[in-house]
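147 is the number of the first residue of the sequence shown in my numbering; add one for each residue after it.
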Amino acid sequence: MTRLMIVVDRDRDWAPYYPSTDVMTFDQYVQLSGNNSQRVRVINLCQSARYLSRGYYCSLLAEARGHNVVPSVMTLNDLRRKDLFSLELQELDPGVVHWLDEAATAEPAPEGGRETVRQVKVRTFFGKAEHEALKPVARVLFERFPCPILEVVFRYRKTWQIESMKPASPADLTESEQDVFAGALDRFSSALWRKPRSRRQFRYDLAMLVDPDEKLPPSDAKALQYFIKAGKKLGIHVEPITRKDYMRLPEYDGLFIRETTSIDHHTYRFARKAEAEGMVVIDDPVSILRCTNKVFLADLLKNNKVPTPRTLILSKDQKDGVEQAIEHLGYPMVVKIPDGAFSRGVMRAENEQQLKEALKTLFRQSALVLAQEYLYTDYDWRIGVLGGRAIFACKYYMVKGHWQIYSHGDNQQFDSGDFDTLPTYEVPRNVIQAALNATRLIGNGLYGVDIKQSGNRVAVIEVNDNPNIDAGVEDRFLGGELYTLVMQEFLSRMEARRRA
C-alpha cells in the first residue's frame, strides 16, 4: 500500500487544518528511516524551494529514498526557467483574459518609465484555483509543473503573460485560500482524512481510468463492477479514476485504461506517466500509438505479411489518388480516417462520385486517408487477445440494412448489430492464428482483433487496443472468469515488477 507523507517546515504551519498522522516536519522527515519496499508519496509543503533550501532538500531526499514527491526536483528547477512556462493565455480561454483585465492592478513602471505595469498575482492549489475563471489555467499549469501550491504572477505586455511562478506553503495563505487548499489537498490525496481502512487488506492497488460521461465506453458500468469484484478476490484494490486524478497515479501499482484511447488525448498521457512511474499499464503507450493510427497499422501488417484487405494510403495532395484507388481496389471500396473508432470516420464508395465526396469529407480531418477493398461478410470476428493468448471470441453482426456493425445517426444516436460469443476453441484455427500474428507486432497487452472471413480467406481489418468488454456480450461464454483472467494478468505482472 502507498503511505502518504505531508512535509511542512514547522508544526504551526499545519495549525489551521485537521490534525493528521500523515503530517510531519522537515526535520522529522530528514531523520526518517523505514522499509524501502513500501511505496511512499510525499507532498512537500515547505515554505522555500530555493536551491539548497529546506524545500529543495525535501524533494531531493525523497527522490534519493525512492519516494514519489510533489514537487519533484526537476519541477523546482524548471520553475526557475522563465522560458519554460510562457503561455499564450488568449489561446487557452477567453474567460481568463477577461478576468485578468478586471482583476489587474497598476504599478509604476520600473526605472522611471512612463507606462504603468498591469499585473495580477494568484495562487493555485493542486491544479485548482479560488477564482472560477482561472481553473483552466490552473489545471494546465499543474499538469506541466506539478506543485501543491503555486504562486503565479501575470503581467500585461501587449498580451497577458506569465511573469513568474514559484512554490508557496500553507503558511502563506489567506483564510479563504486555506479553504480552497484544504479541499484540493483532500481530493488530490484520495480523501486523506477519510481513507477507507478496508483498503489495507489488499496487496496491490490498481487504478481503472474511466469516463462516466462517455457515450460508447469500452466497458459498461456492470462490467466495471465485475472487474472490481474479480480484483478483490485476488487481493487487488481496483479503484475507478477519471482524468482529474492524473497526479495521483503514483499511488497505484498499475493502470487499467477503460476509456476510449487516442494519441492527442489524456488517455495517452496517463499511459505515458504510468509507464514512467514504473507501473504496470494496460494498454501501454506503445500499443496505443500503434493501434490508434490505422495508417501505421496497415503498413505494419502488410510489411509483416499478415493477411489484410487490399489497402492504399492516399495523401491529400496526391493528384491521382482517385484513379489509383479505382485501379487497385475497384468498387465498392471503403475509405477511412486513420484514428476513427466505433465505425466513425469510415465511408463506403460505390462509384467515382461517392469516392470523391468521401475523400473530400475525410481529408478535412486528416492529411492521409486509407482506401481499402470492401469485403462483404454477415459478421466480423472479434478475437480478444491478452498477453499473447486468445481469451474471448465474438461474432459482431452488421446492423440490419447497414454494412457496418455500428450505425451512427443524428443527435449522437447509434445502433449496433447482434452478436454471438463463442469459446475460442470453436473458432477456425486460421482466424485465431491471424489474430495472434497481428498482436505480436503490437505488444503484449490487451487487444481486440477485427477479422473478416470469406471462405478460406481471412483478412485482419484492424487491431484495437483497449477492446470492448461489456457485461452480457464478450463475457457471455466465460462469465466472471473473463474478468478474473484480466485481473490475474495484472497480478502476475505486478508481482514480477515487485520482485525485480
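We treat Cβ as the ideally placed atom computed from N, Cα and C, and that holds for glycine.
Assignment of beta-bridge partners to M354 by DSSP yields P386 and F402. Closest in C-alpha terms to D463, from the list P453, A250, A444 and L505, comes L505. Separation of Q500 and T406 (C-alpha to C-alpha, rounded to the nearest whole angstrom) is 30 Å. Within a 10 Å sphere around the beta-carbon of A642 sit fewer than 16 other beta-carbons, which makes this residue exposed. Proximity to D410 across M425, A422, G400 and T438 peaks at T438, based on C-alpha coordinates. Contact between the stretch 213-227 and the stretch 278-293 is present: 3 or more CB-CB pairs across the two stretches fall below 8 Å. The residue among A195, T454 and G530 with its C-alpha nearest the C-alpha of L516 is T454. Here V215 has V188, N190, S205, A208 and E209 as same chain residues with Cβ atoms under 7 Å from its own Cβ, once five neighbours each way along the sequence are excluded. The beta carbon of I615 sits closer than 6 Å to the beta carbons of S365 and A369 from its chain, once the five residues preceding and following it are set aside; these are given in chain order. With a 10 Å radius around the Cβ and a threshold of 16 neighbouring Cβ atoms, G591 comes out buried. Counting C-beta pairs with one atom in each stretch, the stretch 306-325 and the stretch 563-577 have fewer than three that are closer than 8 Å, which means they do not touch. With respect to the 9 Å criterion, H244 and A195 are not classified as neighbours on the basis of their beta carbons. I607 is a Cβ neighbour of D596, given a cutoff of 9 Å. The beta carbon of V356 sits closer than 6 Å to the beta carbons of P386, R404 and E405 from its chain, once the five residues preceding and following it are set aside; these are given in chain order. Here the stretch 597-606 does not lie against the stretch 621-636, with fewer than 3 beta-carbon pairs under 8 Å apart. Across the set A376, H383 and A330, the C-alpha of H383 shows the shortest separation from the C-alpha of R349. Rounded to whole angstroms, R156 and Y163 show a C-alpha spacing of 13 Å. The three-state secondary structure of E276, taken from DSSP, is coil. Looking at the DSSP output, T567 bridges to C540. Counting only the Cα atoms, R211 lies some 23 Å from S166. Membership of R639 in the alpha helix (DSSP H) is indicated by the continuous run G626 to R645. Taking 9 Å as the cut-off, the beta carbon of R149 is found no closer than this to the beta carbon of F172. The shortest C-alpha to C-alpha distance from H213 to any of P396, K281 and Y392 is the one to P396. Annotation for L331: the continuous alpha helix (DSSP H) segment containing it runs E321 to F334. Ranked by Cα distance from R639, the first of V427, V153 and V480 is V427. Runs of the alpha helix (DSSP H) lying entirely within the stretch 158-212 and spanning at least 4 residues, in chain order: 172-176 and 200-210. Per DSSP, M425 lies in no alpha helix (DSSP H) segment and is marked neither H nor E. Within the same chain, I529, L568, T570 and V573 come within 6 Å of A539 by CB-CB distance, once the 5 residues on both sides are set aside. Taking a 10 Å sphere around the C-beta of A275, we find 16 or more other C-beta atoms and assign the residue as buried.
For N450, the three-state secondary structure derived from DSSP is coil.
For L475, the enclosing alpha helix (DSSP H) covers residues G467 to L475.
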